[in-house]
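In what follows, a structure is listed as structure tokens, so that the remarks can point back to it.
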Amino acid sequence: MVASSVPIDEIGRILRESVGPALGTLTRVLRDFDLAEESLQEAAVLAMQRWPVDGNPDQPVAWLVTAARRKAVDRLRREAKRPVKQQTAWRRDDALGVGWAADPAALIDEIGDADELVIDDDQLTLLLMCCHPALNVEAQIALTLRSVAGLSTAEIARAFLVDDSTMGQRLVRAKRKIRAAGIPFSRPSSDDLAGRLEIVCHALYLVFNEGYSSSGVELVRVDVCAEAIRLARLLHRLVPDDPEVAGLLALMQFHDARRAARLSTTGELVLMEDQDRMLWDHDRIAEADAVLHAAMTRRSPGPYQIQAAIAALHSTAPYAAETDWPQIASLYGVLRQIVATPVVELNRAVAVAMADGAGAGLAIVEGLIERGQLLDSHLLHSAHADLLRRMGHVDAARAAYRRALELVRTDPERRFLERRIAQV
Numbered sequence: 001m002v003a004s005s006v007p008i009d010e011i012g013r014i015l016r017e018s019v020g021p022a023l024g025t026l027t028r029v030l031r032d033f034d035l036a037e038e039s040l041q042e043a044a045v046l047a048m049q050r051w052p053v054d055g056n057p058d059q060p061v062a063w064l065v066t067a068a069r070r071k072a073v074d075r076l077r078r079e080a081k082r083p084v085k086q087q088t089a090w091r092r093d094d095a096l097g098v099g100w101a102a103d104p105a106a107l108i109d110e111i112g113d114a115d116e117l118v119i120d121d122d123q124l125t126l127l128l129m130c131c132h133p134a135l136n137v138e139a140q141i142a143l144t145l146r147s148v149a150g151l152s153t154a155e156i157a158r159a160f161l162v163d164d165s166t167m168g169q170r171l172v173r174a175k176r177k178i179r180a181a182g183i184p185f186s187r188p189s190s191d192d193l194a195g196r197l198e199i200v201c202h203a204l205y206l207v208f209n210e211g212y213s214s215s216g217v218e219l220v221r222v223d224v225c226a227e228a229i230r231l232a233r234l235l236h237r238l239v240p241d242d243p244e245v246a247g248l249l250a251l252m253q254f255h256d257a258r259r260a261a262r263l264s265t266t267g268e269l270v271l272m273e274d275q276d277r278m279l280w281d282h283d284r285i286a287e288a289d290a291v292l293h294a295a296m297t298r299r300s301p302g303p304y305q306i307q308a309a310i311a312a313l314h315s316t317a318p319y320a321a322e323t324d325w326p327q328i329a330s331l332y333g334v335l336r337q338i339v340a341t342p343v344v345e346l347n348r349a350v351a352v353a354m355a356d357g358a359g360a361g362l363a364i365v366e367g368l369i370e371r372g373q374l375l376d377s378h379l380l381h382s383a384h385a386d387l388l389r390r391m392g393h394v395d396a397a398r399a400a401y402r403r404a405l406e407l408v409r410t411d412p413e414r415r416f417l418e419r420r421i422a423q424v
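Written out as structure tokens, the structure is:
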């Protein structure tokens with residue numbers, strides 16, 4: 001370490017980026033998900049105490065794993081000293097060759113003999129474990145956001161629109177299910193992996209979305225986006241012939257390539273049509289385009305490939321005026337046949353409005369409102385307001401903008417809506 005004064009917020013950022021990779025390795029080493037998570041929490045507290053004094057370690061993940069292993073050993077030693085009848089039966093999976101151990105001391109030597117860090121493999125294995133079919137979809141997503149993406153319970157609760165205690169209980173139940181169902185920390189077989197890919201892709205998609213359109217006060221969580229992309233790369237490397245995995249990776253890349261232009265230098269939200277396209281990462285766009293093209297040559301289109309194709313049309317248009325809106329609207333029509341969700345319909349409405357006029361898009365949005373869909377989303381009311389404004393319905397537009405303002409969370413979006421209200 002290099003001794004220096006390190007800002008607390010910088011330490012917090014490094015910890016957020018490190019806990020996911022560290023948890024994957026610790027789960028493999030300790031053979032127990034709860035023990036790994038609790039030991040890592042203790043190591044993170046120790047890091048907050050030590051790093052401001054000693055300086056940040058060169059390898060923070062390795063530092064956390066080492067510290068957490070020591071905490072786990074201390075805990076197991078305390079457990080071993082208790083009377084046998086009072087000891088916790090530390091569960092370890094048969095697939096790893098260790099079965100059940102009523103004596104926690106039996107695990108201590110194994111922890112000390114654990115092999116070196118294999119961070120990428122461990123974190124991908126943790127992702128696959130969180131997406132095990134024995135867990136319901138809600139538990140899979142929540143565990144992925146918590147354990148792989150490193151989001152707090154409060155952040156996950158906001159994403160699911162529930163209170164913190166409810167989400168905390170769901171996470172506890174999910175971890176109990178892992179224990180009760182004997183879900184191993186190991187790569188699934190090829191057949192099992194094929195059946196699990198859809199859920200894994202969905203989990204990564206939601207992780208990326210939480211980073212790109214955060215449910216918290218920040219508009220973008222760069223660390224969460226980067227982690228989702230890194231895991232998508234690993235998954236693509238594991239199953240290079242799966243077109244939907246490739247489509248998901250391309251979709252993330254297209255969106256993330258435009259990140260630098262989403263906010264002005266003063267932190268104000270900039271709509272895509274007004275963004276400085278010189279700020280876009282065109283190398284990343286070219287890479288995503290190549291990944292998408294290779295996937296689509298397999299002629300097995302799916303929702304992630306279609307969304308990536310839409311993102312490609314946005315990302316490769318040299319000017320906003322040259323965006324192929326009729327093609328985008330058509331692709332949303334195809335996507336709606338596969339994934340008939342209100343969010344897809346809202347996006348289609350915007351594309352239709354650009355291709356065929358505000359009135360055509362307004363009819364779709366008002367159909368969503370009549371059906372009571374997305375009424376708690378500021379995006380619905382903001383889109384509704386914009387279309388009303390373009391149609392000249394000023395009073396109705398102002399009311400819709402105000403409703404969006406009541407629901408919005410991030411400061412840049414809030415200021416954007418306030419400016420819109422002032423303009424109408």
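Take the sequence shown: its letter number 62 is residue 62 in our numbering, and every next letter is one higher.
By construction, the Cβ of each residue, glycine as well, lies at the ideal position given by its N, Cα and C atoms.
Remember, predicted model here, so these are calculated numbers, not experimental data.
Hey, could you find the ends of the alpha helix (DSSP H) residue i is sitting in?
i           : result
residue 303 : 303 to 316
residue 416 : 411 to 423
residue 325 : 325 to 338
residue 39  : 33 to 54
residue 153 : 153 to 160
residue 222 : 222 to 238
residue 167 : 164 to 181
residue 190 : 190 to 212
residue 321 : First-last for residue 321: undefined, no H or E at that position.
residue 58  : Counting along the chain, residue 58 falls outside any alpha helix (DSSP H), and DSSP gives it neither H nor E.
residue 252 : 243 to 257
residue 383 : 378 to 390
residue 293 : 282 to 296
residue 361 : 358 to 370
residue 186 : Segment: none, residue 186 is in no alpha helix (DSSP H) and carries neither H nor E.
residue 394 : 394 to 407
residue 149 : Premise fails: residue 149 is in no alpha helix (DSSP H) and is neither H nor E.
residue 426 : This structure gives no information on residue 426, because the portion of the chain shown stretches from 1 to 424.
residue 28  : 8 to 30
Would residue i be called buried (16 or more neighbouring beta carbons within 10 Å of its own) or exposed?
i           : result
residue 94  : Residue placement at residue 94 cannot be trusted, given a pLDDT of 38 that sits under 50; what the coordinates show is reported in the next sentence. Exposed: under 16 other Cβ atoms inside 10 Å.
residue 129 : buried
residue 81  : exposed
residue 116 : For residue 116, the predicted model reports a pLDDT of 49, less than 50, meaning its position is unreliable and no value from the coordinates is stated.
residue 132 : buried
residue 161 : exposed
residue 282 : exposed
residue 315 : buried
residue 310 : buried
residue 194 : exposed
residue 61  : buried
residue 425 : Lying before the first or after the last residue shown, residue 425 is absent from the chain, which here runs from 1 to 424.
residue 224 : buried
residue 89  : Low per-residue confidence applies at residue 89: pLDDT is 49, beneath 50, and the placement is therefore not dependable enough to give any value.
residue 21  : buried
residue 318 : exposed
residue 124 : buried
residue 137 : exposed
residue 18  : buried
residue 163 : exposed
residue 191 : exposed
residue 170 : buried
residue 172 : exposed
8 Å is my cut-off, CB to CB: does residue i come that close to chain D?
i          : result
residue 28 : Of the chains in the structure shown, none is chain D; there is only one protein chain.
Tell me residue i's beta-bridge partners as DSSP assigns them.
i           : result
residue 269 : 263
Write down the C-beta distance between residue i and residue j rounded to the nearest angstrom, noting that I regard them as a contact closer than 8 Å.
i           : j           : result
residue 243 : residue 337 : With a Cβ gap of about 18 Å, residue 243 and residue 337 do not count as contacting.
residue 374 : residue 368 : 6 Å
residue 247 : residue 312 : With 8 Å as the limit, residue 247 and residue 312 do not qualify as a contact, their Cβ atoms being about 11 Å apart.
residue 275 : residue 258 : 7 Å
residue 414 : residue 401 : The Cβ separation is near 11 Å, so there is no contact.
residue 249 : residue 232 : 4 Å
residue 39  : residue 78  : The Cβ separation is near 13 Å, so there is no contact.
residue 389 : residue 397 : 4 Å
Would you check if the region 334 to 344 and the region 354 to 367 touch, i.e. whether three or more CB-CB distances between them fall below 8 Å?
-> no
Meets three-Cβ-pair contact criterion under 8 Å: the region 227 to 239 and the region 137 to 156 | yes
Contact between the region 275 to 291 and the region 245 to 258: three or more CB pairs below 8 Å?
-> yes
At least 3 beta-carbon pairs within less than 8 Å: the region 153 to 166 vs the region 254 to 273 = no
Determine, using beta-carbon pairs with one atom in the region 178 to 188 and one in the region 198 to 217, whether at least three such pairs fall under 8 Å.
-> no
Within the chosen definition, does the region 55 to 73 reach the region 31 to 46 through at least 3 CB pairs nearer than 8 Å?
-> yes
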